[in-house]
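Undergrad:
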Amino acid sequence: MSRWGIVRAFLLGPLLEAAVPKPGNVSRLRDFDDLTFYHFLFADTAVVGVYYEAAKVGELIGRGLLKPSDAGIGELIRRAVESSRTFQDANPNFGVVTLSVPLIIALSMSGDILEARKRIPLLIGESTVRDTVELYRAIRIANPKGIPSGVKYDVYSDDSFRELFDDNVNLLKLAEISCERELIFCEWLSEYEVTYSMFSRLYELLPELPLEEAVRRAFLELLASRIDTLIERKAGRDEAVLVMKKAGEVLEGKLSEKEFDEFMRARGDLRNPGSLADVMAVSLSLLAFKGLKLETRDGKVWGVI
89 MSRWGIVRAF LLGPLLEAAV PKPGNVSRLR DFDDLTFYHF LFADTAVVGV YYEAAKVGEL
149 IGRGLLKPSD AGIGELIRRA VESSRTFQDA NPNFGVVTLS VPLIIALSMS GDILEARKRI
209 PLLIGESTVR DTVELYRAIR IANPKGIPSG VKYDVYSDDS FRELFDDNVN LLKLAEISCE
269 RELIFCEWLS EYEVTYSMFS RLYELLPELP LEEAVRRAFL ELLASRIDTL IERKAGRDEA
329 VLVMKKAGEV LEGKLSEKEF DEFMRARGDL RNPGSLADVM AVSLSLLAFK GLKLETRDGK
389 VWGVI
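What follows is the structure in structure tokens.
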């Protein structure tokens, strides 16, 4: 696939994720007070230039003209976050960008959707401390909710930059330290296990359900099977487990989707599932990379590959 084809896929996936009405999330039908559907439109399209560069970097590494350590993953993430912030005043896509940039590079290296995930350990393992510093700068710009303070390598402490260099903390070491607190880092370590699992599940559901229903079904299954680390950071472990339990009740027919959505929104955005929504967005990007198209049947939109 061409560079622009990869870029299109990774723009379309997050836009689809944001558009589809899902429990507890912003969508084309529901907003939060400080985060709206329009924030996603402006932020997700702002990264086009950086994503193109990431695709180019992947090609150069694949051809042996750049080393994996020269990929500049951290800088690309920081620049994408800066671009997103230029056009809106919230943090709608830090997690999506952080998942997408290494995967775009990997897809451009191999050109194959399954082979790409095997390149992730190389890219993350060969990253440098400078990548970690740039990622920290990106986090400061995005300012995600629930980031702990007073921990080792505190993102908001100026001493952290010196500590990162002193301890030679590249992205791999950072992911190993931070996986428990943030699913995205676990995805880096596991070759995007959850992302690819959701991609496969969506692929199975597309022939059975209209596109929005397929996405909602897959998302409910994801919520019922995984702790959302953003909910856990914002509201605590018990709240995150309760969300997982309630999602399971929807799948069992004990709770309606409407009732679940009302439960998810009852405490403002504290139950907004961010980490899992980021995974869903990138899973949809993989679907788009695979060749997702639309067909209209009896007034409903179906996804076809």
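Residues 89 to 393 in my numbering are what the sequence shown spells out, letter by letter. Built from N, CA and C at the ideal position, the CB exists for glycine as well.
1. Classify Arg385 as helix, strand or coil using the three-state DSSP reduction.
2. Give me the Cβ distance between Leu290 and Ala306, rounded to the nearest whole Å; I'm assuming they're in contact under 8 Å.
3. Span of the alpha helix (DSSP H) holding Tyr140?
4. Below 8 Å CB to CB, which residues in the same chain sit around Tyr139 once its five sequence neighbours on both sides are set aside?
5. Given Arg325, which residues of its chain have a CB within under 6 Å of its CB, disregarding the five upstream and five downstream residues?
6. So who's on the other strand from Gly391, going by DSSP bridges?
7. Taking 7 Å as the cut-off, decide whether the C-beta atoms of Ser172 and Ala131 are in contact.
8. Just curious, the alpha helix (DSSP H) that Glu222 is in, first and last residue?
9. Alpha carbon to alpha carbon, what distance is there between Met286 and Ser196?
10. Tell me the rounded alpha-carbon separation between Leu394 and Asn360.
11. I'd like the list of long-range same chain contacts for Gly150, defined as Cβ closer than 6 Å, with 5 residues on each side in sequence excluded.
12. Roughly how many angstroms lie between the CA atoms of Val135 and Leu129, to the nearest whole one?
13. Would you say Phe182 and Ala106 are within 7 Å of each other, going by their C-beta atoms?
14. Output the boundary residues of the alpha helix (DSSP H) element that contains Arg355.
15. Are the beta-carbon atoms belonging to Val338 and Phe348 less than 7 Å from one another?
16. Cβ of Val184 within 7 Å of Cβ of Pro102?
TA: To lay it out plainly:
1. Walking along the sequence shown from the start, residue 385 turns up at place 297. Strand.
2. The residue you call residue 290 lines up with position 202 of the sequence shown. The residue you call residue 306 lines up with position 218 of the sequence shown. Between Ala306 and Leu290 the Cβ distance is about 5 Å, and since that is below 8 Å, they are a contact.
3. The sequence position of residue 140 within the sequence shown is 52, counting from 1. Following the DSSP letters along the chain, one finds Tyr140 inside the alpha helix (DSSP H) bounded by residues 136 to 150.
4. To locate residue 139, count along the sequence shown from 1; it is residue 51. Leaving aside the five residues that flank Tyr139 on each side, the residues in its chain whose CB is nearer than 8 Å to its CB run, in chain order, Ile94, Val95, Phe98, Leu99, Ala168, Ser188, Val189, Ile192.
5. Position 237 of the sequence shown holds residue 325. Nothing meets the Cβ criterion.
6. Mapped onto the sequence shown, residue 391 falls at position 303. Answer is Leu382.
7. Position 84 of the sequence shown, counted from the start, is the residue given in the question as residue 172. Position 43 of the sequence shown, counted from the start, is the residue given in the question as residue 131. Going by C-beta atoms, Ser172 is nearer than 7 Å to Ala131.
8. As a first step, residue 222 must be located in the sequence shown, where it is residue number 134. That run of the alpha helix (DSSP H) goes 217 to 230.
9. Position 108 of the sequence shown holds residue 196. Position 198 of the sequence shown holds residue 286. Near 21 Å, if we compare the C-alpha coordinates of Met286 and Ser196.
10. Limits of the chain in this structure are 89 at one end and 393 at the other, which puts residue 394 out of reach.
11. Position 62 of the sequence shown holds residue 150. Met197.
12. Within the sequence shown, the letter at position 47 stands for residue 135. Within the sequence shown, the letter at position 41 stands for residue 129. The C-alpha of Val135 lies about 11 Å from the C-alpha of Leu129.
13. Within the sequence shown, the letter at position 94 stands for residue 182. Within the sequence shown, the letter at position 18 stands for residue 106. Not in contact: Phe182 and Ala106 (Cβ atoms no closer than 7 Å).
14. Taking the sequence shown and counting its residues from 1, one reaches residue 355 at position 267. Element bounds for Arg355: n/a, residue is neither H nor E.
15. Translated into positions along the sequence shown, residue 338 becomes position 250. Translated into positions along the sequence shown, residue 348 becomes position 260. Pairing Val338 with Phe348 gives a Cβ-Cβ distance under 7 Å.
16. Translated into positions along the sequence shown, residue 184 becomes position 96. Translated into positions along the sequence shown, residue 102 becomes position 14. The answer is yes: Cβ separation under 7 Å.
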